[in-house]
Amino acid sequence: MQDSESERKARLRELASKLFFSLEEQSSGYSLYRDVDVKNPVRHEALTLDEAEHILNTWKLRGLHGG
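Following the working numbering, the numbering of the sequence shown begins with -12 at its first residue and continues without gaps.
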């Protein structure tokens, strides 16, 4: 069974919070921003829901420092 979009968004917000990312929904898509425990701020803009999930899942797999 496919998750509803609202459930996906809720999980995405929870994961973003755990990884110290700010997640914003804008007319052009989603933006992710992180400035905690990184040398330079990390920013991704105009993302689809799938792209935002992929980025956060990659950070989760690599650990909190992203690499």
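Don't be surprised by glycine CBs; every beta carbon is placed ideally from N, CA and C.
Please read all numbers here as calculations on a predicted model, not as lab measurements.
Closer than 7 Å by C-beta to residue i: which residues in its own chain qualify, once you throw out the five before and the five after it? Chain order, please.
i       : result
Glu40   : Leu(-1)
Arg(-5) : Leu36
Report buried or exposed for residue i, applying the criterion of at least 16 other Cβ atoms within 10 angstroms of its Cβ.
i    : result
Ala3 : buried
Taking the alpha-carbon of residue i as reference, which of the options has the nearest alpha-carbon?
i     : options                      : result
His16 : Val25, Lys5, His31           : The question names His, but residue 16 is Gly in the sequence shown. Comparing Cα positions, the closest option is His31.
Phe7  : Leu43, Ala(-3), Arg21, Gln13 : Arg21
Asn44 : Glu1, Ser(-7), Gln(-11)      : Glu1
Lys47 : Ala33, Leu34, Lys5, Lys26    : Lys5
In the DSSP assignment, find the beta strand (DSSP E) that holds residue i and state where it starts and stops.
i    : result
Ser9 : 9 to 13
Only counting the same chain, and skipping five residues up and downstream in sequence, which positions put a Cβ closer than 6 Å to that of residue i?
i    : result
Ser9 : Tyr20
What span of residues does the alpha helix (DSSP H) with residue i cover, start to end?
i    : result
Leu6 : It is not in any alpha helix (DSSP H) - Leu6 carries neither H nor E in the DSSP assignment.
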